[in-house]
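Residue numbers (numbering that gives the first Met the number 0): 0 to 140. Glycine is no exception: its CB is placed at the ideal position from the N, C-alpha and C atoms. To start, the structure under review is shown below, and the notes come after it.
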Amino acid sequence: MNAVVKRVSFAEGNFVTASAQSNSNFPEFIATSRLIEKIKVGSTEVVLLTAIERVNKKLREIYISVPADLTPRTYNVQNNGQVSFGLKVDDNIYESVAGEITLNPPLDDKNMAGSFKVEVEVPDSDGKTFVIKGNFQVLKA
């Protein structure tokens, strides 16, 4: 696969969406822009996708990291230093504690696509969680 470079905004047909699967007062997330880059986690390279939603002066961000080789498969977010999911709403950070991120086989060499279903912990809640499910398709380079 080609190296991933930083890129902002969306090409036609690209998206990142997410919604909560429980009674969590989490409105549907529809990204308005994104950044994708290769970063080092320890000695390993990962691809970090940052999806940003700006609506009415509110800012929400989703962070998805997957192995840099972008091998199509389902990855578990637990105990995996290369795979993670995070959500930032204003100053609150929700981290994944369980779930999966799936990379689909590429339709072409320009895009990466997949889905996620993760359980995130509510900050300062003594272990309260909710499930977020979503899909993404973004340009790699």
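Close beta carbons around residue i, own chain, < 6 Å, minus the five adjacent residues each side
i   : result
E27 : S18
N91 : P122
G85 : Y62 and E94
V54 : none
Y74 : V82 and I100
Backbone CA spacing between residue i and residue j [nearest angstrom]
i    : j    : result
T49  : D125 : 27 Å
E60  : I51  : 5 Å
K87  : Y93  : 6 Å
K139 : P66  : 13 Å
K116 : K127 : 17 Å
K39  : V45  : 6 Å
R72  : S64  : 14 Å
G113 : I35  : 14 Å
F25  : K37  : 29 Å
Cβ-Cβ distance between residue i and residue j below 8 Å
i    : j    : result
I100 : V119 : no
L58  : D89  : yes
Beta-carbon proximity list for residue i, same chain, < 8 Å, skipping 5 on both sides
i   : result
T16 : E27, F28, I29, A30, G133, N134 and F135
L69 : M0, V46, L102, P105, M111 and K139
G41 : G80
Whole-Å CB distance - residue i paired with residue j, under 8 Å assumed
i    : j    : result
N110 : V137 : 7 Å
I98  : T43  : Residue 98 is actually Gly in this sequence, not Ile. No, G98 and T43 are not in contact; Cβ-Cβ is about 21 Å, not under 8 Å.
Close-in-space but distant-in-sequence residues of the same chain around residue i (CB under 7 Å, 5 per side omitted)
i   : result
Q77 : A97
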